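4 protein chains.
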Amino acid sequence: MIQLDLASTVPIYDQIKAGLRGLVAKGLLKPGDDAPSIRALASRLKVNPNTVARAYRELTMEGIFEARRGEGNVISPAAVKAARGGLEDLRQGVAEAARMARRGGVPWPDILSSLDKVRKEEP
Amino acid sequence: MIQLDLASTVPIYDQIKAGLRGLVAKGLLKPGDDAPSIRALASRLKVNPNTVARAYRELTMEGIFEARRGEGNVISPAAVKAARGGLEDLRQGVAEAARMARRGGVPWPDILSSLDKVRKEEP
Amino acid sequence: MIQLDLASTVPIYDQIKAGLRGLVAKGLLKPGDDAPSIRALASRLKVNPNTVARAYRELTMEGIFEARRGEGNVISPAAVKAARGGLEDLRQGVAEAARMARRGGVPWPDILSSLDKVRKEEP
Amino acid sequence: MIQLDLASTVPIYDQIKAGLRGLVAKGLLKPGDDAPSIRALASRLKVNPNTVARAYRELTMEGIFEARRGEGNVISPAAVKAARGGLEDLRQGVAEAARMARRGGVPWPDILSSLDKVRKEEP
DNA sequence: GTGGTCTAGACCACC
DNA sequence: GTGGTCTAGACCACG
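Residue numbers (our numbering), protein chains in the order written: chain A, 53 to 175; chain B, 53 to 175; chain C, 53 to 175; chain D, 53 to 175.
In structure tokens, the structure reads:
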């Protein structure tokens, strides 16, 4: 359900955070739902549990998860709203990459066409 | 002439490489021209000479510069063509950031509007 | 396992690269194996970690190593093939030295005898 | 008469020294002959006169040239014998390159075949 | 003056 | 623990 790109320079825990925020934003995870357990998710993604734990910890600090004793992590009631904040980071990531590309001499139309290719990738 | 963003997570030497590639791509540096000396550029950018040296070394390996002993760096005849490769990397950087953002649940129109803000930043 | 000649004019990081490529070429390091950590190798060779890091970075760019964040360097699946390219450079180094010597008036048999002395150096 | 390889990593002044020593060793320059003037040789080789001057200075120190006031440089009577010393450096250059190549995993027969290709290059 | 190498040591991010 | 980046400063070789 979450797609990782291990070869990418984007930190794995960031990709996990983004993936989970995305599931919330898209309504596939609703407030009150159980989040997958750290160990389960780690083994499914073939990733170090510490890495998943870090993503969960930060999502908890953002108010998207709630840690309930003995029950694991639950999607917080305020998650949908809280997820918005994370989206801003992602938008800025795109903006920074675009800025770098333009400074590096990529013509603006080429940037747009790259983007368009991404848009069509998987519907 | 080259703009650095020291707060960015993008390594300084990468920003320098992108800037120089951009100058070549835009025709402000033509094959045969002297590149600024490492020390001169370093002091202009207020950066350690080693950092500039690393950027130059990698540009040399990419075939954009030619280092001549004791004479400094010269833009290689093949620079314009070689610079194209670098542009592709930058485009892919934008594409990857966009992919991450979409996975994270950022609505596509928001991505486009972020981009548009960048477009208007500096004429 | 890697022999350095600190008095040589050949840069240390180049000697390290050659040594590691040699270990791959001889099969002592196989794809999937862990490369020694930068710090460990640096202290074993009594050399600055930065110097080893540079060698590793370049080997990564050549496709011989794969650097995984926080996990160290791993011999790439394509390492054996990629190592071939490096061997070619070394052969050309010998060829160039021989060319220089002949131009300088060294009789060809003397070149061969020098070489033969090297062959017998260490079994 | 002297062949330079400007792209080589071998210092130009070294190539010039080797070339002149070679001319002496081959008998094309005999004791008592005038050496070409620094400026003439520099312009013929399209090289900085300082570079040629350095080569001449070192050849003088080796006893191959004699600087005579107002007459320029003359091949010394002891030149033929003195040239031998320089040959030793060149032989060691080949030896060192071969050593590096072997450490880097080049099979010995490949080293020999590279050398053989050089031998056939220009008769 | 130029570029190249190396050291020392700091700080960061990641797992 | 790992690798990556950056700074500071020294020294060398070249033209």
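Glycine is no exception: its CB is placed at the ideal position from the N, C-alpha and C atoms.
Only a predicted model underlies this, so the values are computations on that prediction, with no experimental measurement involved.
Within chain A, partners of residue i - CB distance below 8 Å
i	result
B/M53	Per Cβ cutoff of 8 Å: no residues; B/M53 is ~11 Å from chain A at best.
Residues bridged to residue i (per DSSP)
i	result
D/E118	D/V126
B/D66	In the DSSP output, where bridge partners are listed per residue, B/D66 has none listed.
Chain-ordered chain D contacts of residue i [CB-CB under 9 Å]
i	result
C/A70	M152, A153, R155, G156, G157
Alpha-carbon spacing of residue i relative to residue j, whole angstroms
i	j	result
D/A130	D/P83	7 Å
D/A107	D/I64	9 Å
A/V132	A/L80	11 Å
C/I90	D/A119	53 Å
D/L164	C/V158	17 Å
A/A149	B/A92	28 Å
C/R171	B/R143	51 Å
D/R136	D/K169	25 Å
B/M113	C/V146	22 Å
C/A153	A/T61	47 Å
B/L167	A/K69	23 Å
A/I127	A/D141	20 Å
A/P161	A/A77	30 Å
A/L72	A/L56	12 Å
C/K98	C/Q67	14 Å
A/I116	A/E173	28 Å
B/T103	B/A94	8 Å
C/R155	B/G122	25 Å
B/P101	D/M53	41 Å
B/R96	B/A59	18 Å
C/D86	D/A134	52 Å
C/L75	D/L139	33 Å
D/G124	B/E110	44 Å
D/P88	C/A105	48 Å
A/R151	B/R151	17 Å
Within chain D, the residues that residue i reaches when beta carbons sit closer than 7 Å
i	result
C/A149	G145, V146, A149
C/S166	R143, V146, A147
C/L139	G156, G157, V158
Within-7 Å CB hit, residue i to chain B
i	result
A/V99	no
Chain-ordered neighbours of residue i on chain C, where CB pairs are closer than 9 Å
i	result
D/G74	R154, R155, G156, G157, V158
Cβ of residue i within 7 Å of any chain D Cβ
i	result
C/I163	yes
Interface flag, residue i vs chain C, CB-CB below 7 Å
i	result
D/L111	no
D/V132	no
Partners in chain A for residue i, counting only beta-carbon separations shorter than 7 Å
i	result
B/S60	E148
B/K78	G157
8 Å Cβ cut-off: residues of chain C touching residue i
i	result
D/K169	A147
D/A135	G157
Near the ligand PLP: residue i beta-carbon under 6 Å from a heavy atom
i	result
D/L75	The ligand PLP is absent from the structure shown, which contains no ligands of any kind.
Complete runs of the alpha helix (DSSP H) confined to the stretch 54-107 of chain C [at least 4 residues]: 64-77, 90-97
Segments assigned beta strand (DSSP E), at least 3 residues, entirely inside the stretch 124-168 of chain A: 124-127
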